[in-house]
Each structure stands twice: as structure tokens, then as C-alpha cells.
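J.: Quick one: this structure, given as C-alpha cells, is what I'll be asking you about.
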């Protein structure tokens with residue numbers, strides 16, 4: 043067998059391998075498309091429930107506690123047509139920075155910001171088809187774990203310095 047025949051076989055093997063890789067990547071993207079919004083909605087529902095539970099169970103004045111605002115992307119993105127899945131958590135005192143959370147469906151990423159801080163969680167899918175998020179360091183997080191971190195960010199928010207929040 044000559045060089046040409048060997049090279050043709052290698053080229054065919056690479057093409058077949060590339061086709062398999064592309065198919066696996068497309069299947070993973072389809073799975074993320076199917077479970078991503080639902081996974082975000084689980085975070086959103088969990089946060090809303092926990093804000094309600096916290097406000098009911100904790101004796102505090104009307105200026106303490108947390109507020110939950112669903113679907114705040116129109117204001118935050120400064121686009122009244124925005125349909126980005128989102129929510130905001132605020133301290134009721136109104137003086138502090140707040141946590142704005144959105145889900146970028148095309149990138150399968152949950153992003154948050156609070157004052158000058160920001161972060162993100164990438165969506166992943168278990169082999170059984172259930173979704174979960176991963177921090178930038180690779181740590182897997184359930185929707186509840188992500189919700190708890192977002193709630194802690196809101197609860198610990200410092201008074202805002204008056205500057206706007208900008209995505210980097």
C-alpha cells in the first residue's frame with residue numbers, strides 16, 4: 043500500500059471522526075436547549091419561594107427583608123422588547139446594590155451581577171437528561187445551590203455607590 047492510499051484512509055477516518063464529534067456536539071446542544079430554560083426556571087422559583095419564606099418567618103421592619111422581581115430584563119437591558127429570562131433580588135431598604143440574574147439561552151449560561159461583582163454558571167446536562175450548572179472553577183451546582191448563592195449575594199449587598207451596573 044502506497045502513501046496515497048494510506049493518506050486517503052487517514053483522511054476518511056478523520057472525516058468520520060469529525061462527523062461523529064459534530065453529531066455529539068449537536069446532540070449536547072439540543073439537550074441543553076431542552077433543559078436549559080427549565081433549569082433556570084427552577085432557580086427562579088426556588089429564589090422566589092425562599093424570599094417569601096424569609097420575609098414571612100423573620101421579624102423585621104418593613105425596610106428590611108428581600109424583594110423578588112420576575113422578568114426584569116426590559117429595564118436592565120434597556121430594551122422594552124427584551125424577553126430575556128431574568129429576575130432581580132433586592133433588599134427592601136432600597137439603598138443597596140441588587141442582584142440581577144439572566145439566562146442567555148444561546149450560550150446556555152446563567153449570568154448575575156451585583157454592583158461591581160458579577161459571575162456566571164454554565165449549563166451542563168447529565169447523561170439522564172437532567173440539567174445542572176457549573177461554576178467557572180468546574181464545581182457542579184444544583185439549581186437550589188445556585189439560588190442560595192444568589193440569595194446570599196443579595197443579602198450581603200453593600201450600599202450602592204450610585205454608579206450603574208455594566209456587563210463586562
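In the numbering used here, the protein residues as written are 43 to 210.
We treat Cβ as the ideally placed atom computed from N, Cα and C, and that holds for glycine.
Computed from a prediction, not measured in an experiment: that's the story for all the values here.
1. Could you tell me the alpha carbon to alpha carbon distance between residue 127 and residue 71, rounded to whole angstroms?
2. At 4 residues or longer, and completely inside the region 84 to 151: list those alpha helix (DSSP H) runs for me, N to C.
3. Determine the DSSP secondary structure at residue 76, reduced to helix, strand or coil.
4. Look at the alpha carbon of residue 78 and the alpha carbon of residue 139, and state the distance between them as a whole number of angstroms.
5. Is it true that the CB of residue 185 sits closer than 7 Å to the CB of residue 85?
6. Per the contact definition of three or more C-beta pairs closer than 8 Å, is the region 188 to 202 in contact with the region 129 to 137?
7. Could you give the C-beta distance for residue 157 and residue 200, rounded to a whole number, given that I count them as a contact under 8 Å?
8. In the DSSP assignment, find the beta strand (DSSP E) that holds residue 157 and state where it starts and stops.
9. What residue range does the beta strand (DSSP E) around residue 173 cover?
T.: Let me spell this out:
1. 18 Å
2. Runs of the alpha helix (DSSP H) lying entirely within the region 84 to 151 and spanning at least 4 residues, in chain order: 115 to 118.
3. helix
4. Going by the C-alpha atoms only, they are around 27 Å apart.
5. The answer is yes: Cβ separation under 7 Å.
6. yes
7. 7 Å
8. That residue, residue 157, is in no beta strand (DSSP E); it is neither H nor E in DSSP.
9. 173 to 176
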